[in-house]
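J.: Here it is, the structure, as structure tokens.
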Amino acid sequence: MTLLWIGDAILIVVVLPIVIYLLAATLQAAKSIVPSVRSIAATAAAGSKDLDAAALLLTTQDQVSRTVAGVADYGGSLDVILDDAKEGR
Amino acid sequence: MIVLAIPAAGWVLIVAVLLIVLALVYYLVSTIVALRSITSGLDEVIASVTEIVEKSAPVNDVVNAINKDLDAGVDMLEALLVKKAGMVDAVGLVDGLYPGAAAAGFRNFPESTKVEAPRISEVYTKGTLTLARLGREAPIATANPAGPVLRNVAAASLSAKVLYSDVRHTGPDQLPRSPVIGADAPEQYEQREDIGQPRKRMPARNP
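First to last, the protein sequences are chains R and E.
Residue numbering for the first sequence follows the working numbering, starting at -17 and increasing by one per position.
Residue numbering for the second sequence follows the working numbering, starting at 982 and increasing by one per position.
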């Protein structure tokens, strides 16, 4: 009977607090991750939305191509109109 | 009967085990709820990251194509500038527009880094800078703020005349001679029969 009381005491005084402490720490760690994950999700969504303008790069590419072609045409005309630099300059 | 036979220590043991089981249930269920919330958040992250990957996939190729076109334009303009202005003047022009750029030189002309950039005013005094200082708001005017304004934009006209081919305002040493006029001139501009003849008398006035 004495051994049974000693076992009860150990169970209540030692085992139960340790179990509660470990489980509480695990729960706290899991809950601390939730805000971070939500923040990451919001940031990723904002980043994805920012990239909506990436499609306009195709327009930019086309404009750059046309501009360079126009500059090349002007350059060809200037090459014909203007004299070359003298040697040694 | 069996229940009543359990001693007090046994009841305490049962209560202790029951408390441990309740603690396990409470904390584990709470942990499961938190982990489910984390899983839901990570699903949202994965969806957004997938969108980012899909949207940014063609960016590299497009930017490379844009850079390729711009490189071709830069190569063409550099070559044209060096061909028409010469290496020294070209470096001076670029350095005048972008102070310090001469140190970097032209991309396709490594020897340009060794050229000592002349002052832009020494190279283009008669050309670009003249137009700029006349108040035509050429961008190059910002590169020579110390230069005096050549033209009174409100009234002066002589400065503008300099731009044209008429050379009389420059005071040259010799101009075309003026034509000789008079009776002894080699070229008579009004050849009439009555020149050199007695003056015709007017008819008498009637009283």
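All C-beta atoms in this analysis are idealised placements derived from N, C-alpha and C, irrespective of residue type, glycine included.
I need the straight-line Cα distance from A1060(E) to Q45(R), nearest angstrom please.
T.: 23 Å
J.: Counting only beta-carbon separations shorter than 8 Å, does D55(R) have a partner in chain E?
T.: no
J.: Nearest to D1050(E) by CA position, among Q43(R), K13(R) and P17(R), is which residue?
T.: Q43(R)
J.: At least one CB of chain E closer than 8 Å to the CB of S59(R): is that the case?
T.: no
J.: Given S1189(E), which residues of its chain have a CB within under 7 Å of its CB, disregarding the five upstream and five downstream residues?
T.: Given that chain E is displayed from residue 982 to residue 1188, the structure contains no residue 1189(E) and the question cannot be resolved.
J.: In chain R, what lies closer than 7 Å to S1190(E) by C-beta?
T.: It is not possible to answer for residue 1190(E), since the shown part of chain E is limited to 982 through 1188.
J.: Can you check which of these residues, S47(R), V62(R), L64(R) and I63(R), is closest to V1055(E) by C-alpha distance?
T.: S47(R)
J.: Between the alpha carbons of V1034(E) and Y3(R), how many angstroms are there, rounded?
T.: If I take the Cα positions, the gap works out to 42 Å.
J.: If the cut is a Cβ gap below 8 Å, which residues of chain R does Y1008(E) touch?
T.: I2, L5, A6, T8 and L9
J.: Work out the CA separation of K1065(E) and G57(R) for me, nearest whole Å.
T.: 11 Å
J.: Could you compute how far the alpha carbon of L39(R) sits from the alpha carbon of G29(R)?
T.: 17 Å
J.: Look at the alpha carbon of T41(R) and the alpha carbon of A12(R), and state the distance between them as a whole number of angstroms.
T.: 47 Å
J.: Please confirm if L999(E) has its CB atom under 8 Å from at least one CB of chain R.
T.: No, its Cβ sits nowhere closer than 8 Å to a Cβ of chain R.
J.: Please tell me whether I(-6)(R) and A986(E) are closer than 8 Å, where the distance is taken between their beta carbons.
T.: no
J.: Measure the C-alpha to C-alpha separation of P1091(E) and D1154(E) and round it to an integer number of angstroms.
T.: 46 Å
J.: Using the Cβ count rule (16 or more neighbours within 10 Å means buried), how would you classify A26(R)?
T.: buried
J.: Quick check on the burial criterion: 16 or more other C-beta atoms within 10 angstroms. Buried or exposed for V50(R)?
T.: buried
J.: What residues from chain E crowd round V46(R), counting only those whose CB sits closer than 7 Å?
T.: I1047, D1050 and L1051
J.: Grab me the residues of R1100(E)'s own chain with a C-beta within less than 8 Å of its C-beta, minus the 5 sequence neighbours each way, in chain order.
T.: Answer for R1100(E): G1073 and G1077, listed in chain order.
J.: By the DSSP assignment, the alpha helix (DSSP H) with N1048(E) in it spans what residues?
T.: V1040 to A1066
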